[in-house]
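Read the structure below first, then the notes.
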Amino acid sequence: MAEQEHNGVNGFHSESEQGNQPVNGDASEAVNGNPSNGLRVTIEESASSAVNGGSPTNSMATPIRQRMERKKSSPMMPTFMVSAPGKVIVFGEHAVVHGKAAIAAAISLRSYLLVNTLSKSKRTVTLKFPDIDFNHSWNIDELPWKIFQQPGKKKYYYSLVTEIDQELVDAVQPFLADVSIDKPADIRKVHQNSAGSFLYMFLSLGSQSFPGCQYTLRSTIPIGAGLGSSATIAVCLSAALLLQLRTLSGPHPDQPPEEARLQIERINRWAFVYEMFIHGNPSGVDNTVSTQGKAVVFQRTDYNQPPSVRPLWDFPKLPLLLVDTRTAKSTAHEVAKVATLKKKHPQLVGTILTAIDQVTQSSAQLIEEQGFNTEDEESLSKVGEMMTINHGLLVSLGVSHPRLERVRELVDHEGIGWTKLTGAGGGGCSITLLRPGVPREKLDKLEQRLDEEGYSKFETTLGSDGVGVLWPAVLKNGMDEDEEGGMEIDLEKFLSADSNEALEKLVGVHGDRGEREGWKFWRVENRD
Numbered sequence: 003m004a005e006q007e008h009n010g011v012n013g014f015h016s017e018s019e020q021g022n023q024p025v026n027g028d029a030s031e032a033v034n035g036n037p038s039n040g041l042r043v044t045i046e047e048s049a050s051s052a053v054n055g056g057s058p059t060n061s062m063a064t065p066i067r068q069r070m071e072r073k074k075s076s077p078m079m080p081t082f083m084v085s086a087p088g089k090v091i092v093f094g095e096h097a098v099v100h101g102k103a104a105i106a107a108a109i110s111l112r113s114y115l116l117v118n119t120l121s122k123s124k125r126t127v128t129l130k131f132p133d134i135d136f137n138h139s140w141n142i143d144e145l146p147w148k149i150f151q152q153p154g155k156k157k158y159y160y161s162l163v164t165e166i167d168q169e170l171v172d173a174v175q176p177f178l179a180d181v182s183i184d185k186p187a188d189i190r191k192v193h194q195n196s197a198g199s200f201l202y203m204f205l206s207l208g209s210q211s212f213p214g215c216q217y218t219l220r221s222t223i224p225i226g227a228g229l230g231s232s233a234t235i236a237v238c239l240s241a242a243l244l245l246q247l248r249t250l251s252g253p254h255p256d257q258p259p260e261e262a263r264l265q266i267e268r269i270n271r272w273a274f275v276y277e278m279f280i281h282g283n284p285s286g287v288d289n290t291v292s293t294q295g296k297a298v299v300f301q302r303t304d305y306n307q308p309p310s311v312r313p314l315w316d317f318p319k320l321p322l323l324l325v326d327t328r329t330a331k332s333t334a335h336e337v338a339k340v341a342t343l344k345k346k347h348p349q350l351v352g353t354i355l356t357a358i359d360q361v362t363q364s365s366a367q368l369i370e371e372q373g374f375n376t377e378d379e380e381s382l383s384k385v386g387e388m389m390t391i392n393h394g395l396l397v398s399l400g401v402s403h404p405r406l407e408r409v410r411e412l413v414d415h416e417g418i419g420w421t422k423l424t425g426a427g428g429g430g431c432s433i434t435l436l437r438p439g440v441p442r443e444k445l446d447k448l449e450q451r452l453d454e455e456g457y458s459k460f461e462t463t464l465g466s467d468g469v470g471v472l473w474p475a476v477l478k479n480g481m482d483e484d485e486e487g488g489m490e491i492d493l494e495k496f497l498s499a500d501s502n503e504a505l506e507k508l509v510g511v512h513g514d515r516g517e518r519e520g521w522k523f524w525r526v527e528n529r530d
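Numbering of the sequence shown is given in my numbering, commencing with residue 3 and proceeding in unit increments.
Okay, structure coming up:
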């Protein structure tokens, strides 16, 4: 209850900007503004009239009725954006399946969600994900609100949901029947999963009076590459809905880390609900990393219990080259391969898995040391050596691939950094920790070779920021609009970005000179 009282007061802006916000009131009022101020003033005026000689009954009733009759409509919430990062496994893949620790970290490849509130006459909610050719709308008034509002099933923004309610899932199913009906079965399933997860979260958090909205998502994260693209959608939608309901405080520069982490945890809880709808029993690691950013150490010793997740709040930002082999992989196949090997050689494989765990623990300790310096090659080389050792151990388990080894060969030849596979292996992606001061011509030469050999590559940052908010959707882009406050990111501009580079140039959280003015983040790192 203390958490509810502490956090349910303010929305995205400060209380002085918004007035007192409803905690569990009418959703449309929460989204459109503060419905209570006019009524409060009228009561105060009426009480004053009663003190000065008027009848308290009549003097209060008439002004309240008159004030409510002439109450103007609240303004619509401005268009805003939410962004969340993808993730990579840095240390411990495969060992983590066998009860050992692993480290996952956020990367600066991100998803971006544009939220448009519609006029009161438009009673639809729309999901539009153009990168996967998904676009669907529902009539808000026709959705199954009644069952989601039943006692015992109704959830609130502060609720901790640890499992999906099958009766509620069944209630959502009829509203998925006509989703992407003209698409192939495999694509349609992806679209229906996205739609179902969203509706479950929307119906759990909202109410029938929620205003019409359109949620449009673009992403720079390769799909199906083990980089947590699904979780970024979950985080973006969770944060957007909670912001619309005015149940988050911040982000703002003076917000204490403890308060920022509390808001992050609220977003993470509902992102996990989205992930549970799709995956059944997910680890929760992808959505946790995408929400808070930085990195986590996670370990699951009992698959009947949630994993242990320890945030690395002060994980530094490190320069990373991510390479997609464009080779199809099967996580299940690679995991089964290691399990079979362990069954044949339990002691030997057990020793390898323990060694991987020691690499993970040593790396976490190294990065958390007070003297760790991201600009110092000696500090980076220690982490890089750990990556090299981890990769070698994974190779011994048989989960690498010739395309992954070719990336290591090219990187080693140019002396650019330290490379390992990330995720399940058998294809997928590799990550390279770049040495400080690598000449641009060396990187260009490597990237040319990778292009020629059919790889996709991304220069990115490890330990990136978590979920961010652009409120309103206005950015300064070094253009003429800056003099008038910046460029408004409308739906047409957002949809017209025809490449990852164009999307980042338009709305990216980082520009040529660092973090762009407008984007704000919940700062979770410790501050001296």
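Where a beta carbon is used, it is the ideal one built from N, C-alpha and C, also for glycine. Everything numeric in this text was worked out from a predicted model, so none of it was measured.
What is the DSSP secondary structure of residue i, counted as helix, strand or coil?
i: I166; result: coil
i: D359; result: helix
i: E245; result: Going by the sequence as given, residue 245 is Leu instead of Glu. Three-state result, L245: helix.
i: Y114; result: strand
i: T222; result: coil
i: M278; result: helix
i: A86; result: strand
i: S432; result: strand
i: V138; result: Residue 138 is actually His in this sequence, not Val. DSSP places H138 in strand when its eight states are reduced to three.
i: G386; result: helix
i: V340; result: helix
i: P176; result: helix
i: G470; result: strand
i: H512; result: strand
i: W315; result: coil
i: F200; result: helix
i: E443; result: helix
i: I109; result: strand
i: A29; result: Any reading at A29 must be qualified, since the residue scores a pLDDT of 41, below 50, and its modelled position is unreliable; no value is offered.
i: T119; result: strand
Going by other Cβ atoms of all chains shown within 10 Å of its Cβ, with 16 needed for buried, is residue i buried or exposed?
i: L305; result: Rather than Leu, the amino acid found at residue 305 in this sequence is Tyr. Classification of Y305: exposed, given that the 10 Å Cβ count is below 16.
i: A475; result: buried
i: P441; result: exposed
i: V428; result: One point to set straight first is that residue 428 is Gly, not Val, in the sequence displayed. The residue is buried, with at least 16 neighbouring Cβ atoms inside 10 Å.
i: E95; result: buried
i: E336; result: buried
i: Q152; result: exposed
i: Q372; result: exposed
i: L405; result: Here residue 405 turns out to be Arg, not Leu, going by the sequence shown. It is buried - the Cβ of R405 has at least 16 other Cβ atoms within 10 Å.
i: T342; result: exposed
i: R312; result: exposed
i: T571; result: This structure leaves residue 571 out entirely; the chain is present only between 3 and 530.
i: K344; result: buried
i: I183; result: exposed
By Cβ distance, which residues of its chain are closer than 6 Å to residue i, with the 5 residues on each side in sequence left out?
i: L229; result: G88, I223
i: A108; result: P87, K89, V291, G295, S466
i: V92; result: I105, A107
i: Q68; result: Its pLDDT being 44, under 50, Q68 is placed unreliably in this model, and the value from its coordinates should be taken loosely. None.
i: A236; result: A273, Y276, E277, N289
i: V171; result: none
Within this structure, are the beta carbons of residue i and residue j separated by less than 7 Å?
i: Q553; j: V181; result: Residue 553 cannot be examined here, being either before or after the span of the chain that is shown, 3 to 530.
i: C562; j: A97; result: With the chain covering 3 to 530 only, the question about residue 562 has no answer from this structure.
i: V511; j: S85; result: yes
i: N289; j: F274; result: yes
i: L493; j: A499; result: no
i: V469; j: A179; result: no
i: S206; j: K157; result: yes
i: V340; j: A103; result: no
i: I269; j: T234; result: no
i: T462; j: S123; result: no
i: E416; j: K459; result: no
Ignore the nearest five residues each way along the sequence and tell me which others in residue i's own chain have a CB closer than 8 Å to its CB.
i: L395; result: I354, A357, I358, V361
Given residue i, which residues of its chain have a CB within under 7 Å of its CB, disregarding the five upstream and five downstream residues?
i: L472; result: F82, M83, G520, W521
i: H281; result: none
i: S365; result: F93, I105, V385, M388
i: A197; result: L129, H138, L178, V181
i: F523; result: P253, D467, G468, G470
Any heavy atom of the ligand NAP closer than 6 Å to the CB of residue i?
i: T128; result: The model depicted lacks the ligand NAP and carries no ligand whatsoever.
| said: Tell me whether the stretch 107-123 and the stretch 209-217 touch, counting them as touching only if at least three CB pairs, one residue from each stretch, are closer than 8 Å. | reply: In short, these stretches touch, since the Cβ pair count reaches three.
| Are the stretch 125-144 and the stretch 324-334 touching by the rule of at least three beta carbon pairs closer than 8 Å? | Fewer than three pairs of CB atoms, one per stretch, sit closer than 8 Å, so the stretch 125-144 makes no contact with the stretch 324-334.
| Stretch pair the stretch 387-407 + the stretch 418-425: three plus CB contacts closer than 8 Å | A contact is defined here as three or more CB-CB pairs under 8 Å, and the stretch 387-407 meets this definition with respect to the stretch 418-425.
| Inter-stretch contact at 8 Å, needing at least 3 Cβ pairs: the stretch 197-205 / the stretch 140-156 | Judged by Cβ distances under 8 Å, the stretch 197-205 makes contact with the stretch 140-156, as three or more pairs qualify.
| Do three or more CB pairs link the stretch 363-381 to the stretch 313-321 at distances below 8 Å? | Under the Cβ criterion (8 Å, minimum of three pairs), the stretch 363-381 counts as touching the stretch 313-321.
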